[in-house]
Amino acid sequence: MSFDSQFDALLEEAVLRLDADRRTGVRFLSTDLNSLRKEVTTCERCELCDTRNKTVFGEGSPNAHLLLIGEAPGFQEDKQGQPFVGPAGELLTKMIQAIELTREGVFIANVLKCRPPGNQDPLPHQIESCRPFLQEQIRLIRPRVICTLGAFAARTVIGTDQSLSRLRGRIHLVEKTPLIATFHPAYLLRRPEDKFKAWEDLKTVKRELEKQPGVAGFGRPSP
Ligand code: URA
Numbered sequence: 549m550s551f552d553s554q555f556d557a558l559l560e561e562a563v564l565r566l567d568a569d570r571r572t573g574v575r576f577l578s579t580d581l582n583s584l585r586k587e588v589t590t591c592e593r594c595e596l597c598d599t600r601n602k603t604v605f606g607e608g609s610p611n612a613h614l615l616l617i618g619e620a621p622g623f624q625e626d627k628q629g630q631p632f633v634g635p636a637g638e639l640l641t642k643m644i645q646a647i648e649l650t651r652e653g654v655f656i657a658n659v660l661k662c663r664p665p666g667n668q669d670p671l672p673h674q675i676e677s678c679r680p681f682l683q684e685q686i687r688l689i690r691p692r693v694i695c696t697l698g699a700f701a702a703r704t705v706i707g708t709d710q711s712l713s714r715l716r717g718r719i720h721l722v723e724k725t726p727l728i729a730t731f732h733p734a735y736l737l738r739r740p741e742d743k744f745k746a747w748e749d750l751k752t753v754k755r756e757l758e759k760q761p762g763v764a765g766f767g768r769p770s771p
């Protein structure tokens with residue numbers, strides 16, 4: 549590599565870093581989801597890196613119109629490196645299908661990318677360490693609608709400490725993107741009598757998607 553091209557590459561890297569710093573306060577080099585995924589894989593921003601087996605970046609379409617956000621990986625997710633596997637994941641798949649979408653056509657992420665040992669509630673400093681990754685996911689995917697699953701995700705993404713019952717039933721705006729808060733599928737497995745309320749939320753998600761110009765199906769076609 550010539551001195552000139554080496555210099556250009558370094559300059560480009562510095563500009564990318566500065567840009568990412570401005571947005572998130574964290575140094576990222578990611579310009580696409582795959583490079584962000586690599587950064588998550590090697591993350592040591594909090595102590596959860598010592599106890600995790602696998603990071604759980606999230607999965608789905610990089611062009612998804614709908615981004616679903618859960619809390620944190622559990623035992624199975626930590627083993628497999630995928631979000632929402634197991635019974636709660638099966639229910640989430642059914643919830644997605646109920647609004648005529650597919651798991652592959654949406655994107656599923658979590659607030660935390662590593663499992664808190666013993667499935668403890670995420671701690672404030674863990675959420676803050678991980679927040680830039682979620683912000684970058686939102687920036688790169690550019691979903692038309694966000695749906696949070698459970699109180700933790702709703703509070704973290706909306707930036708409030710209100711209860712889920714207060715946050716449900718309205719449309720929030722996160723950087724101009726409509727956000728609907730619903731129950732966590734694990735909660736719905738324990739309290740199936742609340743599934744009808746979740747169905748109301750899902751219908752709102754569908755309606756919001758349908759309102760978006762150019763949304764007809766399971767995700768933006770790849771450019
Ligand atoms: N619960 C979550 O919030 N996320 C997962 O990925 C699995 C269970």
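For the sequence shown, our numbering assigns the number 549 to the initial residue and increments by one for each residue that follows. For glycine and all other residues, C-beta sits at the position ideal for the given N, C-alpha and C.
Could you tell me how far apart the beta carbons of residue i and residue j are, in whole angstroms, since I believe they sit closer than 8 angstroms?
i	j	result
H732	G618	7 angstroms
E684	L614	Not confirmed; about 18 angstroms, so no contact.
Q624	G608	Contact doesn't hold; Cβ gap of about 18 angstroms is too wide.
Here's the rule I'm using: 16 or more other beta-carbon atoms within 10 Å means buried, otherwise exposed. How should residue i be labelled?
i	result
F700	buried
R571	Residue placement at R571 cannot be trusted, given a pLDDT of 47 that sits under 50; what the coordinates show is reported in the next sentence. Counting Cβ neighbours within 10 Å, R571 comes out exposed, since fewer than 16 surround it.
P761	exposed
R716	buried
F775	Look at the range of the chain in this structure, 549 to 771, and you will see that residue 775 is not part of it.
T736	Reading off the sequence, residue 736 comes out as Leu, not Thr. Label assigned to L736: buried.
A774	The structure shown does not extend to residue 774, since the chain spans only 549 to 771, so no value can be given for it.
E652	exposed
P621	buried
P726	buried
F744	exposed
Q674	buried
R690	exposed
R703	buried
P771	Bear in mind that the predicted position of P771 carries a pLDDT of just 48, short of 50, making it unreliable; the figure below should be weighed with that in mind. Exposed is the call here.
R600	buried
Could you check where the alpha helix (DSSP H) with residue i kicks off and where it finishes?
i	result
V604	Taken as a continuous stretch (DSSP letters only), V604 belongs to no alpha helix (DSSP H), as it is neither H nor E.
E587	L581 to T589
S713	L712 to L715
T704	A699 to I706
Let me know the beta strand (DSSP E) ranges lying completely inside the region 720 to 770, each 3 residues or longer, listed in chain order.
Annotation note: the region 720 to 770 contains the following uninterrupted beta strand (DSSP E) runs of length 3 or greater, listed N- to C-terminal: 720 to 722 and 725 to 730.
Continuous beta strand (DSSP E) assignments of at least 3 residues falling wholly in the region 604 to 692:
As far as the region 604 to 692 is concerned, its whole beta strand (DSSP E) runs of at least 3 residues are 614 to 618 and 655 to 658.
Please confirm if the region 704 to 716 is in contact with the region 626 to 640, defined as three or more CB-CB distances below 8 angstroms between the two stretches.
Pairwise C-beta distances place the region 704 to 716 out of contact with the region 626 to 640, as fewer than three of them are shorter than 8 angstroms.
Cβ contact check for the region 647 to 665 and the region 585 to 604: 3 or more pairs under 8 angstroms:
Yes: at least three Cβ pairs fall under 8 angstroms.
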